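Trainee: The structure under discussion is supplied below as structure tokens; questions concerning it will follow.
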Amino acid sequence: MMKKILVAIDFTEDIELVLEYTKKIAKAFKSEVCLVHSESVENFITTLEPDQIPTYELIEQQKKMISKKLDELKKNIEQANIKTISVLMEGPTIDNILREAEEFKADLIIEFPKKERRF
635 MMKKILVAID
645 FTEDIELVLE
655 YTKKIAKAFK
665 SEVCLVHSES
675 VENFITTLEP
685 DQIPTYELIE
695 QQKKMISKKL
705 DELKKNIEQA
715 NIKTISVLME
725 GPTIDNILRE
735 AEEFKADLII
745 EFPKKERRF
């Protein structure tokens with residue numbers, strides 16, 4: 635059974651689709667959801683404006699902004715009466731997702747590709 639679902643969040647335009655898909659699966663299996671977003675320090679820096687100097691304070695502001703977005707997604711899922719937690723991690727994305735999946739004891743990992751791929 636899929637009692638614990640980990641969802642890797644990347645804040646792309648497909649986020650609404652990801653949320654709806656997650657809610658359907660979680661309701662069907664009465665699952666708990668863990669939303670995970672992972673950023674490297676380099677990614678925090680690249681989101682700054684060109685005239686901004688990357689300081690600790692600016693990076694912390696970026697983290698707070700991302701954390702707030704993650705909280706909004708969490709509330710969206712909770713409104714469907716689904717137990718949800720959210721985790722913001724720093725470092726290599728794949729390693730962090732796998733580490734959190736192990737800690738959360740995820741039965742399923744949902745990750746949508748960033749763009750369509752053709753084979």
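All letters in the sequence shown, in the order written, are residues 635 to 753 by my numbering. Ideal Cβ positions, reconstructed from N, Cα and C, are used throughout, including at glycine. Fair warning: this is a prediction, and the values are worked out from it, not measured in the lab.
Can you give me the start and stop residues for the beta strand (DSSP E) that M635 sits inside?
Mentor: Residue 635 sits at position 1 when you count from the first residue of the sequence shown. M635 -> no beta strand (DSSP E), and no H or E assigned at all.
Trainee: Which residues mark the beginning and the end of the beta strand (DSSP E) in which T718 is found?
Mentor: Position 84 of the sequence shown holds residue 718. Its beta strand (DSSP E) spans residues T718 to E724.
Trainee: Among the candidates L707, M723 and L722, whose CA atom is the shortest distance from the CA of I716?
Mentor: Position 82 of the sequence shown holds residue 716. The candidate whose alpha carbon is nearest that of I716 is L707.
Trainee: Should E676 go down as buried or exposed, given a rule of 16 or more other Cβ atoms within 10 Å for buried?
Mentor: Position 42 of the sequence shown, counted from the start, is the residue given in the question as residue 676. By the neighbour-count rule (16 or more Cβ atoms within 10 Å), E676 is not buried but exposed.
Trainee: Sorted by chain position, which residues of the same chain lie with C-beta nearer than 6 Å to F746's C-beta, five sequence neighbours on each side aside?
Mentor: Numbered from its first residue, the sequence shown carries residue 746 at position 112. The answer, listed in chain order, is D648 and V652.
Trainee: Where DSSP assigns a beta bridge to I743, which residues make up the other side?
Mentor: Within the sequence shown, numbered from 1, the residue matching residue 743 stands at position 109. I743 is bridged to L640.
Trainee: Considering just the uninterrupted stretch of the alpha helix (DSSP H) at E598, what are its terminal residues?
Mentor: Outside the displayed span of the chain (635 to 753) sits residue 598, for which this structure offers no information.
Trainee: Determine the direct distance from the alpha carbon of V670 to that of T646, and round the result to whole angstroms.
Mentor: In the sequence shown, the residue the question calls residue 646 occupies position 12. In the sequence shown, the residue the question calls residue 670 occupies position 36. Our two residues, T646 and V670, have alpha carbons roughly 14 Å apart in a direct line.
Trainee: If you follow the alpha helix (DSSP H) that D648 is part of, which residue opens it and which one closes it?
Mentor: Locating residue 648 in the sequence shown gives position 14, where the first residue counts as 1. Segment: none, D648 is in no alpha helix (DSSP H) and carries neither H nor E.
Trainee: If you draw a straight line from the alpha carbon of I693 to that of R733, how long is it in whole angstroms?
Mentor: For the purposes of this step, residue 693 is identified with residue 59 of the sequence shown, where counting begins at 1. For the purposes of this step, residue 733 is identified with residue 99 of the sequence shown, where counting begins at 1. Straight-line Cα distance between these residues: approximately 23 Å.
Trainee: Looking only at its own chain, which residues have a Cβ that is under 8 Å from the Cβ of I744, when we skip the five neighbours before and after it?
Mentor: Here residue 744 refers to the residue found at position 110 when the sequence shown is read from its first residue. Same-chain partners within the cutoff: I639, L640, V641, A642, V652, Y655, T656 and I659.
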